[in-house]
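Counting from 1, one number per residue, gives the positions in the sequence shown under UniProt numbering.
Using N, Cα and C, we set each Cβ at its ideal position, and we do this for glycine too.
Note sheet for the following structure.
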Amino acid sequence: MVEEGGQNSAVDDSISTEEWLSCAQALVPTALKKAREVKGFPSRWKMIISKLEKIPSKLSDLSSHPCFSKNALCKEQLHAVSNTLNEAIGLSEICLSEKYEGKLRMQSDLDSLIGKLDLNLRDCGLLIKTGVLGEVSFPSLPEGESVNLRELLARLQIGHLEDKHKALDSLVEVMKEDEKNVLAVIGRSNISALVQLLTATSPRIREKTVTLICSLAESGSCESWLVSEGVLAPLIRLVESGSSVGKERAAISLQRLSMNGETARMIVGHGGARPLIEICRSGDSVSQAAAACALKNISAVPEVRQTLAEEGIVKVMVNLLDCGILLGAKEYAAECLQNLTSSNEDLKRSVISEGGLKSLLCYLDGPLPQESAVGAVRNLVGSVSTEVLFSAGVLPRLVHVLKSGSSGAQLAAASAMCRICGHSIEIKKSIGEIGAIPFLVRMLEAKGNSAREVAAQAIASLMSVAYNCKEIKKDDKSVTNLVALLDPSPQNSAKKYAVLCLGLLSTSKKCKKLMVSYGAIGYLKKLSEMEIPGAKKLLERLERGKLKSMFTRK
1 MVEEGGQNSA
11 VDDSISTEEW
21 LSCAQALVPT
31 ALKKAREVKG
41 FPSRWKMIIS
51 KLEKIPSKLS
61 DLSSHPCFSK
71 NALCKEQLHA
81 VSNTLNEAIG
91 LSEICLSEKY
101 EGKLRMQSDL
111 DSLIGKLDLN
121 LRDCGLLIKT
131 GVLGEVSFPS
141 LPEGESVNLR
151 ELLARLQIGH
161 LEDKHKALDS
171 LVEVMKEDEK
181 NVLAVIGRSN
191 ISALVQLLTA
201 TSPRIREKTV
211 TLICSLAESG
221 SCESWLVSEG
231 VLAPLIRLVE
241 SGSSVGKERA
251 AISLQRLSMN
261 GETARMIVGH
271 GGARPLIEIC
281 RSGDSVSQAA
291 AACALKNISA
301 VPEVRQTLAE
311 EGIVKVMVNL
321 LDCGILLGAK
331 EYAAECLQNL
341 TSSNEDLKRS
351 VISEGGLKSL
361 LCYLDGPLPQ
371 ESAVGAVRNL
381 VGSVSTEVLF
391 SAGVLPRLVH
401 VLKSGSSGAQ
411 LAAASAMCRI
421 CGHSIEIKKS
431 IGEIGAIPFL
441 VRMLEAKGNS
451 AREVAAQAIA
461 SLMSVAYNCK
471 EIKKDDKSVT
481 NLVALLDPSP
491 QNSAKKYAVL
501 CLGLLSTSKK
511 CKKLMVSYGA
521 IGYLKKLSEM
531 EIPGAKKLLE
541 RLERGKLKSM
551 FTRK
């Protein structure tokens, strides 16, 4: 965990960088001499001495850089080192005089000194490693001038927490105004530093850090770095127990990161399902919608669906359909239920038992996009009785979607009808009676091959009922559209259903004439060679009718 604390007094601008270097270099031998004289607390002083001995080489590295005297960070670092060395000298003098306020208090002070020495040594190394010394900067920029992005990013890794706090403030503002340039210069080490700041003891630091991480995640440029540097676990903890702002930003970050399937698995592996589900149950509007979207993304991964179910996702998503604060949350809930019910029979039964079918049908009566909700209904209709289909009003809703829904919703509705047709003759007749057939016939003209295939399949199934056959014969476009689906190209997967439908229609002389006039015979010859079931028989029937017609005319 990142801790606060440490000396953070302002740097005196009247003292040059070279003077601060001289000061630090002069303090090192004094600090070492006094430290070696101390007899008490031997293990701690031994550690302090070993760290003091490393300081001269770090100072040498800094001073040998070409931009040493021109970089504000360098001056600040030398100031921090000098403060730490003075503290080491002061503590050694107290230990030598044995006039300290209790043994435990002195042990704590020495541990704090060790931490500061570690920080100084690490920061000196990072100044060289990050390359920020090559970016010339000044102690204070005139208002209106652009900030030095590399310096701000370096400050995320260097110095005390208050320095990082200020850098975060600036970066959050710069990210709002100039995201492109921030993304151009940010590196993996900066991402790592941000992830570490997510565990800071200060709630303010965590909020500002997660705000910046949220922006980076939404940019779509840093997902792999964020995940590889361990961002998921602290984000999940923030969703679980952060402030309202922290929860919201963390949920939005997880929403974006969960779009990757492998990352979605990792979120579940880190225990992220339960806090996200809890946010859906009790969070504010934005957090709820973000968490619902994240869970929708996660539910697209088949192997984690059972884990989600065990955490109570079904009941929460059904409740969101009814009571979601934002319309977006309702839409994500519908998509999530569609994913959950795509193949798992236990989950289908769970959704039905929680009242999910009723809630999905009520959702279809509203203004929101219908495709996912219809898809979820399609997944469920095979698991309910004929009585439920009638009592819940499934059929009228599906016909309404066929009439006025989007192309994706129409495809899902037609697919649902294909599944419903397996229930009973009564269901098939009801579908015809409530007016579905004309809309299915129009779907035969759809641009998408899948829509044409599903519509043809539904029509073929419905035609086993005499009433529906009559309705299809009455439709002026039925024969035309079905003949067009005899196209023998491999991309046309609807041709086998078109053959079946036309075979049932061929008992009508009028329909046979239309089939011939629209070129069905030429198509059927090719389909017969391809051994499409029913094509040869239908071809023979049409050719006999054509031959008989010729003799009649003669």
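- Under the Cβ criterion (8 Å, minimum of three pairs), the segment 81-96 counts as touching the segment 35-53.
- The shortest C-alpha to C-alpha distance from Cys-23 to any of Ser-43, Pro-56, Val-374 and Leu-402 is the one to Pro-56.
- In the same chain as Arg-256, and ignoring 5 residues on each side of it, the C-beta atoms closer than 6 Å to its own belong to Ala-217 and Glu-218, in chain order.
- In this structure, the beta-carbon distance from Val-301 to Arg-274 does not fall below 7 Å.
- Annotation for Gly-375: the continuous alpha helix (DSSP H) segment containing it runs 371-381.
- With a minimum length of 4 residues, the unbroken runs of alpha helix (DSSP H) contained wholly in the segment 498-534 fall at 509-517 and 520-529.
- Taking 4 residues as the minimum length, the alpha helix (DSSP H) runs contained wholly in the segment 137-200 are 149-155, 161-177, 179-185 and 188-197, in order along the chain.
- Ser-258 is classed as buried because its beta carbon has at least 16 other beta carbons within 10 Å across all chains shown.
- If you check the CB distance, Arg-378 and Ala-333 do not come in under 7 Å.
- Under the three-state reduction of DSSP output, Val-351 falls in the helix class.
- Between the beta-carbon of Lys-54 and that of Leu-121 there is about 6 Å, and that keeps the pair under the 8 Å contact cut.
- Listed in chain order, the non-local C-beta contacts of Glu-445 below 7 Å within the same chain comprise Asn-481, local neighbours out to five positions each way being set aside.
- If you look at Ala-494, you'll find it isn't in any alpha helix (DSSP H); DSSP assigns it neither H nor E.
- Straight through space, the alpha carbons of Gly-422 and Ser-385 are spaced by roughly 11 Å.
- Not a single unbroken stretch of the beta strand (DSSP E) spanning 3 or more residues falls wholly within the segment 266-327.
- Selection Arg-188, Leu-238 and Ser-192 evaluated against Pro-203 yields Leu-238 as nearest (Cα-Cα).
- When the Cα atoms are used, Ser-383 and Leu-337 turn out to be separated by approximately 15 Å.
- Per DSSP, reduced to three states, the secondary structure at Phe-41 is coil, with no helix or strand assignment.
- Straight through space, the alpha carbons of Val-381 and Ser-343 are spaced by roughly 13 Å.
- According to the DSSP assignment, Thr-84 belongs to the alpha helix (DSSP H) that extends over 72-97.
- Contact check for Leu-364 against Ala-309 fails: the beta carbons are separated by 7 Å or more.
- Taking the Cα of Ser-287 as reference, the smallest distance to any Cα among Trp-45, Val-245 and Gly-432 is reached at Val-245.
- Annotation: Lys-164 to Val-351 spans about 48 Å, alpha carbon to alpha carbon.
- Contact between Glu-335 and Ser-372 holds, with the beta-carbon distance rounding to 4 Å and staying under 8 Å.
- Sixteen is the threshold: since fewer than 16 other Cβ atoms of the shown chains lie within 10 Å of the Cβ of Thr-507, the residue is exposed.
- Around Lys-428, the same chain offers Cys-421, Ser-461, Leu-462, Ser-464, Val-465 and Asn-468 as residues with beta carbons nearer than 8 Å, after the five sequence neighbours per side are excluded.
- Counting the other Cβ atoms within 10 Å of the Cβ of Lys-208 gives 16 or more, which makes it buried.
- In summary, Glu-303 is exposed, with fewer than 16 beta-carbon neighbours lying within 10 Å of its beta-carbon over all protein chains present.
- Here the alpha carbons of Ala-251 and Leu-52 stand approximately 44 Å from one another.
- Its Cα nearest to that of Met-47, the residue Asp-111 stands out among Ile-15, Met-317 and Asp-111.
- If you draw a straight line from the Cα of Glu-471 to the Cα of Phe-439, it is about 12 Å long.
- Here Lys-39 is exposed: its Cβ has fewer than 16 other Cβ atoms, across all protein chains shown, within 10 Å.
- Following the DSSP letters along the chain, one finds Cys-418 inside the alpha helix (DSSP H) bounded by residues 407-420.
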